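Chemist: Just dropping this structure here.
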Amino acid sequence: MQDLIFPKIRGVALTPMSHPTHTPMGRKIGLQFLAAGPEHIGSGLIYAAKLVGNRHTGVVHGGVVTALIDETAGAAVVQRTKSAYSVATLDLRVDYMRPARPERPLFCLAHCHLATRRIAFFRAEAFHTPSRPIAVGTGTFMLGANQTSPGMIWGMEEVSRS
123 MQDLIFPKIR GVALTPMSHP THTPMGRKIG LQFLAAGPEH IGSGLIYAAK
173 LVGNRHTGVV HGGVVTALID ETAGAAVVQR TKSAYSVATL DLRVDYMRPA
223 RPERPLFCLA HCHLATRRIA FFRAEAFHTP SRPIAVGTGT FMLGANQTSP
273 GMIWGMEEVS RS
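Numbering (this note's numbering), first residue to last: 123 to 284.
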């Protein structure tokens with residue numbers, strides 16, 4: 123199995139990590155959390171035939187890119203807000219700049235730039251190299267959407283609710 127290392131990004135302080143997601147969708151696409159900061163999360167996934175949207179070109183399906191952005195942004199919101207409960211996507215817009223190239227790892231950096239008592243706002247970029255985004259996502263998450271723990275993201279059995 124290929125090791126993924128999140129690329130360095132100027133002006134963004136991240137601590138390397140290697141942690142698989144525990145959500146069903148994240149597991150399905152092979153998402154791994156690779157770096158974390160106070161308001162940022164970096165993730166990645168390894169190219170696989172099951173992620174291809176066009177078998178003639180080998181390009182990764184746009185839905186995989188969207189899922190990568192959504193999962194990573196949700197983790198960034200939980201990271202910033204220290205939410206004891208899961209978050210739910212309220213709004214997600216993804217603008218595609220170019221296709222995700224075949225046979226290359228795909229990365230995402232998500233930033234939660236504002237969190238109110240109930241809503242958090244994010245921006246995320248999916249890329250092979252940080253200077254050339256494949257897609258940019260923006261949107262909002264509802265905090266405390268239900269009473270389940272965000273441990274599904276991090277693999278914890280329970281998160282303290284105090």
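For each residue, glycine too, the CB sits at the ideal point set by N, CA and C. Computed from a predicted model, the values in this text were never measured in an experiment.
Suppose you measure from the CA of ALA197 to the CA of ASP125; what does that come to, to the nearest Å?
Modeler: Here residue 197 refers to the residue found at position 75 when the sequence shown is read from its first residue. Here residue 125 refers to the residue found at position 3 when the sequence shown is read from its first residue. Each residue's Cα considered, the two are about 21 Å apart.
Chemist: Which residue spans inside the segment 216 to 240 form an unbroken alpha helix (DSSP H) run of at least 4?
Modeler: List check, alpha helix (DSSP H) in window: nothing returned.
Chemist: Whole angstroms is fine: what's the gap from ILE131's alpha carbon to ALA242's?
Modeler: Along the sequence shown, one-based indexing puts residue 131 at 9. Along the sequence shown, one-based indexing puts residue 242 at 120. Approximately 23 Å, taken between the alpha carbons.
Chemist: Determine whether the beta carbon atoms of THR188 and VAL209 lie at a separation below 7 Å.
Modeler: Looking up residue 188 in the sequence shown gives position 66. Looking up residue 209 in the sequence shown gives position 87. Not closer than 7 Å, so no.
Chemist: Taking Cβ positions, are PHE244 and GLY166 nearer each other than 7 Å?
Modeler: Along the sequence shown, read from residue 1 onward, the residue named residue 244 stands at position 122. Along the sequence shown, read from residue 1 onward, the residue named residue 166 stands at position 44. No.
Chemist: Figure out for me which residue from LEU136, PRO221, HIS141, ILE127 has the closest Cα to the Cα of PRO255.
Modeler: Residue mapping note: residue 255 aligns to position 133 of the sequence shown, counting from 1. Ranking LEU136, PRO221, HIS141, ILE127 by Cα distance to PRO255 puts PRO221 first.
Chemist: Taking the beta carbon of ILE127 as the centre, do at least 16 other beta carbons fall within 10 Å, making it buried, or is it exposed?
Modeler: Here residue 127 refers to the residue found at position 5 when the sequence shown is read from its first residue. Exposed is the call here.
Chemist: Round the Cβ separation of ALA232 and HIS183 to the nearest angstrom and send it over; I've been treating them as touching at under 8 Å.
Modeler: In the sequence shown, the residue the question calls residue 232 occupies position 110. In the sequence shown, the residue the question calls residue 183 occupies position 61. Contact flag wrong, Cβ pair sits at about 20 Å.
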